[in-house]
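Notes to accompany the following structure.
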Amino acid sequence: MNAQTTLSPPAVGQEVGRTRAPFALPGPAHQVPGFVGRDGEAWAGRDLGTVFRAPGFVGGDGEPWAGRDLGTVFPESGLVGRDAELRAVRDFLGEAKDHGAARVVYGHAGSGKSALLKAAVRAATAAGTRVLRCAGIRGGAPSDLSGLLQILRPVLGGPAPRLPAARLDTLRTLLVDGVPAESGRSSLSFAVLEVLESVSAGRPLLLAVDDWDALDEPSREVLSFVARRTAGHPVAVLMTARPHRTRLAPLAGLPELPLAPLTRARSARLLAARRPGLDGQAVRELLATAAGNPLALLELPIRSEDSLPHVPASSDRLAAAMAPGAARLPAGTRDLLLVAALHPAGDLPLLLSAASRIGGTELGFAALEPAEREGLVTTDGLRMVFGHPATAGAVVHDIGPRRSRAAHAALAAVLAPGSVRMLWHLSQAAEGSDPRLAGRLEAVHRHAQEQDEPAMGVRLLRRAAELYATPRDQGRCALRAAQMAHVLGLERMTRTMAHRALRLPLGPLGRLCAEALAWTGGGQPPCDPATWPVPDGAAEQENALELARITAPEAAGDDARAAALLDFLDRMPDRADDPRLLHAVATAGRVRRAATVLAGISAVPRLADVPVRDLERLGEAALLAGDPRRALDLYRQAERRHRFHDVPDQLPRVLLRQGLAHLAMGDRGQGGHVFRRCAELADDHGQEHDAAAARLLEGLVRGLHTGGTVRPGGARDLEAARRSVRSIDAVLAVGTACALTESGDFEAGHAALSALLAGPRVTEAALFALVTFAEAAEAVNATGAALAVLDRLETALGEECAPGVAVRFTVARAVLADDDNAEALFERAFAADLSCSLFLEAPLRLAHGRRLRRRRQFADARVTLRQAAATFTMMGADARAARITAELRASGERTETVTPGVPRRTPARDLLNAQELRVADLAGRGLSNREIGGLLGLSPRTIGAYLYRIFPRLGVTARAQLAEVLRDHGRT
C-alpha cells in the first residue's frame, strides 16, 4: 500500500472506531470488506496492517494512572441527578487501577447508560488510561465477531503486543478471515484475554462496551469471559445493557450498577437546565409521561391539542430508542399496539376486538407475543401495560392520520354506546363539521366531571367547539372549555381557549369572563364587579357565576370590589345554593357572610350527586365561614370520590385542606399526619406548590406541638405555597403567635395576636385563635383590653357570626372572667356542646381548674386540671404538660413514692382494665396514638379516648410520666 493511503497515528485522547455499522465478515485474507470508518471511506481491499492502524481511542502519553487522584481528574459530566452513579463509576475506576474490575450498567432505553459510559471514558482518559470501545446495534443483525473487531482494531493496528506470533496469527485469522485456526475457535477467548493483558502492562486499560446485549453473540461471550478474569491486571471492563425479564446468563454474577429512574425533583432540575421556559402545565405533563427517563424528558414534544387525530407524542430519537423493532412487527401486532396507545385503560379482549376491525382479520392473544418478545409491553391479567409511559408514543410515532382515525373509529365501535370514551374516540375519527356529534360531546362533558375525569371534559368541549358549524355554538363551547381548564390549573389551555372564544359571538358577561381568563397567569385584573350587567338567561347566569369565581380572590383584598361582588351575587337568589356562588361569597365576604354561607351549604340538595369539584368548593366555603368540622366532612367525601375513581394526583389538594380543617379544630396530631401524607403525595406527582404548603404547615404543627420556634419558610417556598393556599401567610402568622403562647411566652404571643385581631380586616384564621388570645391576655393581666377586642369583633359580625365562632367567643369570655361574673360565664361555656371541640374544652377546663385552685377548692381543682391535662394530651399539645403539672402541684397534687414499711398504693391492674393497660404501656414507651392504634386495630381517636380516661386514674398529666407511674404502681 502506498504512503497516500496510510493513516496518520491517532491523536492523544482521540476517540475513533465507534461505528454502529455492521461488519461484513468473513472476507478474503487481510481484507475487511464493507467496514466503513468515521469519515465514510470503505476499507475494502486495504492491507491488514493499515486497517489495524486506523485511529482508536488512545490515552495520552503523560504520567500513568497510578498515583492520580480520580476526584481531580473526573471531568464535569453534565449529567443531572446521577451523582451517586458517577461516584460509583469513579470508585470502580480506582478499584480497576489497582487490581482490575468489571461492572455492568443496567438501564432501560433512555436512562442515560451511554452518557454515563462517556463520562467514564472522559475520566479514564484524563487519568492517562488507554480506552478501547465498541457498541452494539439495536434492530440490526451484526456479523459474528464484529464487536471484537471494534475493540481490537486499534490494538492490532499499532505496535505488536508482546505475545507469541502464533497467538496473534490465530486472533487475526478469526477476526478477519473468519476461518477456524488449527487450534479452533475455543482459543479465541484466551487469545483476546492475553492481548488485553499485554496492552495493560504499560498502562491501565478501560474496555467501554455500549449496549453489550445488542452485540453479536460470539463477541458477547468473549467480552463476558474477559470481564470475569480481570483480577491481577489494571483492566477495567465497563459494559452497559438493558435489563431483561430473565437474567442474561453470560453476565450472571458480575457486579451491577443499576440506573433507576430519576426522582421527580431531579427530573424537574433536568428540565429546568435543558429545557428552560416551560410553563407549569407542560412541566407536569412531561414529568408524568417521562416517569424519570432522561431521554424522554429531553425528547418528548409538548403536547398539542391542535393535532388531529389524537395520538401520544414522541420523537424520532425517542421512538428509535424505545421501540426500535416496532416497524418489523406483524401488522396485527402493530394494530393492537396502536389501539392500546390510544386507549390505555382498555382490557385485552376489548383491544383485540378493536384491532381486528382495523385490519379486517380476527386477532387472538397470539398477536401480543411479538410485542412482548420485543419488551414493548407486559400483561397484567387481562390488561396490557407498556414498559414505559413514553413507549405508547414511540410505537405509534410513524402512524399516519388515516390509520389513526381508523383506530379511533374501531375503538368507538367496541366501547359502550354513549359513554364518555366512546364519544371521544368517535370525535377523533370525524372529519369536518358534525353538529350532531358536537351536541353529544357538549352534553356528555358533565359526565366526565362526575367520573372524576375533568381534563377529559375540557377536551370534549374543545372538540365540540371545532365540530359545531355556527359561531355562537363554537363560542359557547370554547368559553366553557376555558372555564373548566382554569379550574384545573391548565393555564396554557385556559388562555388558548379564552382567546379563541373572544373571536366568536359571546354575551356581555361571557365576554367579560373570557377576557378575565385570557389574562390568566398575569396581566390586567378582572373588571370591577360594579360595572357588570344583570345576567340575562341561563347561559349568562352560568358565565356570571364563573366570572364571580374567577374574580373573588382578587376582590377579597379590596373592600369596595368585595362589596360590589357581594351585591351582584345577592341579585341571584335563585342560585343561592350553587357551590360556585357560595364559594365566591365566602371568599369575598369571609366571616362577614358566614351564616349566609353555612345556611346555603345546608340547603344544597343531595351531596352524593354534587360533582367532586363542587364538594371541594363547599368544603373551602365552610372553612372560610368558620365551620372546620363541616369542611372536614366535605373534604373527606371528596377524598373518597377521588380514591374510588383512582385519581391519586387529585388527593394532595384535598388532603391539604383537610389538614387546615384539623388545624382549625385544634387537632394537631391529625393535622400533622395529614400534612405529611400530602407532602409525600405531592412530591410523587410533581405538585411542588402543594408540597411547599404542606411542609410549611407541618413545621407550624411541630411548633404548636412542642412550643418551639416556628421556622419561617424561604421566599421561594412561600411564593409556591401561596399558589396552593392563598391565606397561607395569615395561617402562619396566627399559628406562630399561638406557638409563642404554647411555649409560655405570653407577652410575645399576646402582642402578636392583638395585632392580628385589632386590624380592620380580621381573617378567619385569627378568629380560630380567640381562646388562645384570651389565655395570653389573662396571663399578662390585659383582660380589659382583650374584652374590648372581643366586643368589637362580636358586634362587627352580628347575626352573620358562625355558630362555631360564637362558641369560641363564649369560651374566651369565660377564660377572661373576673370574680363577679365568672360562675355564670363558665356555666354558659360548659353548657355549650363541646363534645366534639376538644380544642375549646381543654383550655376551658384549665382556666376553670385555676379558678377553683385560687378559691382554694383544691380537690375539685385537681379533678378539673387532670381532665384538662388528658384533653391536651389527646390534642398533641405536649408543651402544656409542664404548666399543668405546676398547677396540679399548686393545688396539692403529690407524686407518691414507695418507702420501706409503707404499703404500696393500688396497683395499676386494679385501676385499669386489660385493654387500658396495653394502651398505657405502649404510650409510656413513646408510641403515638396512630402507632398504638395500628398495633391494637383501633383508630387514633379511640386511643385518645382511652388516654383521656387513663390519665386521671393514674394521676398523670403527660405521656412521659406513664412508664414511671406504671412501674411504681406495680403493673406486673
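Residues in the sequence shown are numbered from 2 upward in steps of one, following this note's numbering.
For glycine and all other residues, C-beta sits at the position ideal for the given N, C-alpha and C.
In this structure, the CA atom of ALA215 is about 20 Å from the CA atom of ASP317.
For LEU664, the CB contacts under 6 Å within the same chain, skipping 5 residues up- and downstream, are GLY672 in chain order.
DSSP, reduced to helix, strand and coil, places ALA833 outside both helices and strands of the structure shown, so it counts as coil.
Of the other Cβ atoms in all chains shown, 16 or more fall within 10 Å of the Cβ of GLY601; this residue is therefore buried.
DSSP places LEU118 in the uninterrupted alpha helix (DSSP H) bounded by 114-127. PRO259 has TYR107 as its beta-bridge partners, per DSSP.
The continuous stretches of alpha helix (DSSP H) do not include CYS528, and DSSP gives it neither H nor E. At a Cβ-Cβ threshold of 7 Å, ALA502 and ALA515 count as neighbours. CA-to-CA, the gap between ALA789 and ALA775 works out to about 11 Å. A buried status is given to VAL223, since no fewer than 16 other beta-carbon atoms sit within 10 Å of its beta-carbon.
In the pairwise beta carbon analysis, the region 239-259 is classified as touching the region 98-108: at least three pairs are separated by under 8 Å. For PHE387, DSSP records a beta bridge to VAL378. Using a 10 angstroms sphere on the CB of LEU936, the tally of other CB atoms stays under 16, which defines it as exposed.
Counting other Cβ atoms within 10 Å of its Cβ, ASP579 reaches 16 or more and is therefore classed as buried. DSSP links ASP211 through a beta bridge to ALA136. By the criterion of a C-beta distance shorter than 7 Å, ARG275 is surrounded in its chain by LEU299, once the five residues flanking it on both sides are discounted. Taking a C-beta distance under 7 Å as the contact criterion, ALA862 and ILE885 do not qualify as a contact pair. The three-state reading of DSSP puts THR130 in coil, since its state is none of H, G, I, E or B. The beta carbons of LEU771 and GLY736 sit about 14 Å from each other, so the pair does not count as a contact at 8 Å. Per DSSP, the continuous beta strand (DSSP E) segment holding LEU239 begins and ends at 236-242. Minimum Cα-Cα distance from GLY708 among the listed residues ALA693, SER744, ASP691 and ALA721 corresponds to SER744.
Ranked by Cα distance from GLY805, the options ARG793, THR796, GLY627 and VAL312 are led by GLY627. Our two residues, ALA553 and ALA517, have alpha carbons roughly 12 Å apart in a direct line. Annotated as distal: VAL396 and ALA346, with beta-carbon spacing of 7 Å or more. If you check the CB distance, VAL340 and LEU352 come in under 7 Å. In this structure, the CA atom of PRO941 is about 36 Å from the CA atom of ALA787. By the CB criterion at 7 Å, VAL864 and LEU841 fall outside the cutoff. One Cα belongs to LEU582, the other to ARG504, and the distance between them is close to 28 Å. When rounded, the separation of the alpha-carbon atoms in GLU748 and LEU258 is 59 Å. Residue pairing by DSSP places LEU206 opposite ARG131 and VAL236 in a beta bridge. Selection SER268, SER838, LEU146 and ARG304 evaluated against ARG630 yields SER838 as nearest (Cα-Cα). For CYS514, the uninterrupted alpha helix (DSSP H) run begins and ends at 509-519, by DSSP.
With a beta-carbon spacing of about 7 Å, HIS389 and HIS109 fall inside the 8 Å limit used to define contacts.
Rounded to whole angstroms, the separation of the alpha carbons of ARG285 and GLU689 is 10 Å. When DSSP states are grouped into helix, strand and coil, ASP348 belongs to the strand group. For ALA102, the three-state secondary structure derived from DSSP is strand.
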